[in-house]
Amino acid sequence: MKEIGHWINGKLVAGTSGRFADVFNPATGEVQARVALASTAEMDAAVADAARAQIAWGATNPQRRARVMMEFVRLINRDMDKLAEALSAEHGKTFPDAKGDVQRGLEVIEFCIGAPHLLKGEFTDAAGPGIDMYSLRQPLGVAAGITPFNFPAMIPLWKMGPALSAGNAFILKPSERDPSVPLMLAALLQEAGLPDGVLQVINGDKESVDAILDNPTIQAVGFVGSTPIAEYIYSRGCANGKRVQCFGGAKNHMIIMPDADLDQAADALVGAGYGAAGERCMAISVAVPVGKATADALIEKLVPRIEKLKVGPWTAGNDVDYGPLVTGAALERVKGLITSGVEQGATLVMDGRNFQLQGYENGFFVGPTLFDNVTRDMEIYKQEIFGPVLSCMRADSYEEALSYAMDHEYGNGTAIFTRDGDTARDFAHRINIGMVGINVPIPVPLAYHTFGGWKKSGFGDLNQHGPDAFRFYTRTKTVTSRWPSGIKEGSAFNFKPMD
1 MKEIGHWING KLVAGTSGRF ADVFNPATGE VQARVALAST AEMDAAVADA
51 ARAQIAWGAT NPQRRARVMM EFVRLINRDM DKLAEALSAE HGKTFPDAKG
101 DVQRGLEVIE FCIGAPHLLK GEFTDAAGPG IDMYSLRQPL GVAAGITPFN
151 FPAMIPLWKM GPALSAGNAF ILKPSERDPS VPLMLAALLQ EAGLPDGVLQ
201 VINGDKESVD AILDNPTIQA VGFVGSTPIA EYIYSRGCAN GKRVQCFGGA
251 KNHMIIMPDA DLDQAADALV GAGYGAAGER CMAISVAVPV GKATADALIE
301 KLVPRIEKLK VGPWTAGNDV DYGPLVTGAA LERVKGLITS GVEQGATLVM
351 DGRNFQLQGY ENGFFVGPTL FDNVTRDMEI YKQEIFGPVL SCMRADSYEE
401 ALSYAMDHEY GNGTAIFTRD GDTARDFAHR INIGMVGINV PIPVPLAYHT
451 FGGWKKSGFG DLNQHGPDAF RFYTRTKTVT SRWPSGIKEG SAFNFKPMD
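According to full-length UniProt numbering, the sequence shown holds residues 1 to 499 in order.
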């Protein structure tokens, strides 16, 4: 059985805790490897080594650090297919989707090449007689990232790129469900010129998470995952005096107005609702057509499109639309939520619970599922399903549709499809959600903007990537400098006003 360890001080090392977790092939349900789960002592030792390595890295000028990122971009492009294959094999997503996972992370690294500009401070000349005042953006020291299974390349790159470019050392605790790609990325960073010890990749479970949260050397923690864990990490990290940003669950609504292009809207819903088997925080899981005629026509257009979806393993070719869920536990949870939707009175238009694929009967597959007539009180509406399940929630008016998204506890992303500019502008202005699409179903911002949700989808006041990332991974120091000239004054015992 293949064993996966950690990346510590520039090399792959075996775990010493004696604890392991299984890594599955989601398409077959078979265990393909086991990954070491670090102890608190292993984590603390890696953090101590990172803190020592950070001193020289933080003192390296920003342009030289940017050159490491530049070479890292080249190496990721060189190994794109290799990274995507490893990602698909452990996560289960299709090969094109896996390449997209790597690509969206790569774009943040490209943005990080411009770090020298983002790290510039401010300067005031002659703030007073012989006095200059200036501010510096300095690295925090050691930062950490705890990243999810659903984007094993993109989210680690979103976290490590800005942190390293700003001069920090970084501790990455990736998901133990698909741990290989983060280790491959660490090796590429070493090849790109990152000094040993500046990036440590430590695989683990809750013990490793708690070790990160309780280690006094770690100054900042970033997390992406479910809302209950986000709340736990945010509260414990903040209680320990750390800077913390946490991004949690989502329930993304897409409003379809009567004037919308329904073919365009249906195509968008199928891709946004079922792509990546629904295992993404920006998936559209709730369609909100306005008016009975709109709803009836939308369902009529959705069904044939959903029936044509090809579900299968990533090895079946690039025409596969989505693959299996990541684990058997995820499979059972999604099936259970579908059953609850039926029991609570939703109309099950298409049922994916009994989906079977010849030769992959033990894989973690769920067929595409579609509900109609969903209401606020149903579990399939209240919970993030994280599976290939789309719910249709009918609204009689625009205001009612808007209230569904506004009143939900999650506020990650949302979208509206309409031909009316006034409606679109009103929606964008009033909606209490962090990322908004207008005729765009998955409004993930590009790398030079920032990514983050509102309400129970986001905890902390700074978002991921873009300029916010460099604010999060640095702190400001303001220097007041005086070089007196002419007659020297005696002691002063009060704040002297500027002349």
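Glycine included, each C-beta is placed from N, C-alpha and C at the ideal position. The structure displayed is predicted, hence computed values, not measured ones.
Alpha carbon of residue i to alpha carbon of residue j, nearest angstrom
i	j	result
M80	K99	7 Å
P162	Y473	7 Å
V142	N150	25 Å
E332	M257	35 Å
D468	D296	43 Å
K335	I306	18 Å
I233	K301	42 Å
M406	G291	19 Å
L172	T414	30 Å
T28	E361	7 Å
F24	L185	21 Å
residue 501	E30	It is not possible to answer for residue 501, since the shown part of the chain is limited to 1 through 499.
P388	L269	11 Å
H484	I131	In the sequence under discussion, the amino acid at residue 484 is Pro, which differs from the His named in the question. Answer to the nearest angstrom: the Cα atoms are 8 Å apart.
A187	L106	15 Å
Q464	C281	14 Å
P441	E110	25 Å
A169	Q219	10 Å
N61	P116	9 Å
W314	R34	21 Å
Y398	E3	54 Å
P182	P174	7 Å
M133	P96	51 Å
N138	T327	Before going on, a small fix: residue 138 reads as Gln here, not Asn. Rounded to whole angstroms, Q138 to T327 spans 41 Å at the Cα level.
P216	G18	26 Å
R64	K206	36 Å
A51	L325	38 Å
A56	P228	38 Å
Y448	K159	14 Å
G275	L189	30 Å
D319	L357	16 Å
K456	V224	12 Å
N203	D214	17 Å
Test item: CB-CB of residue i and residue j under 8 Å
i	j	result
G341	M378	yes
A153	V209	no
K477	L136	yes
I284	L337	no
L37	G15	yes
R394	P304	no
G271	N9	no
V286	K251	yes
G278	I385	yes
A166	F470	yes
G367	F355	yes
T450	G460	no
L87	A192	no
V68	L194	yes
G26	G363	The sequence given here places Pro at residue 26; Gly does not occur at that position. Yes, they are a contact pair.
Where residue i falls, given that 16 or more other Cβ within 10 Å makes a residue buried
i	result
D372	buried
R243	buried
V479	exposed
P179	buried
F247	buried
T94	buried
L462	buried
E122	exposed
A293	exposed
D422	exposed
A41	exposed
T147	buried
A84	buried
Q245	buried
D49	buried
Residues that DSSP places opposite residue i in a beta bridge
i	result
F355	F355 is not bridged to any residue.
L199	F170
I146	K173 and F223
R475	Q138
S481	D132
P289	I256
I438	I416
D372	T347
T16	DSSP output for T16 lists no bridge partner at all.
S391	V286 and F371
Y398	DSSP output for Y398 lists no bridge partner at all.
I218	V142
Cβ of residue i within 8 Å of any chain D Cβ
i	result
L390	Here chain D cannot be found, since the structure has a single protein chain.
Three or more C-beta pairs below 8 Å linking the region 120-133 and the region 435-447: no
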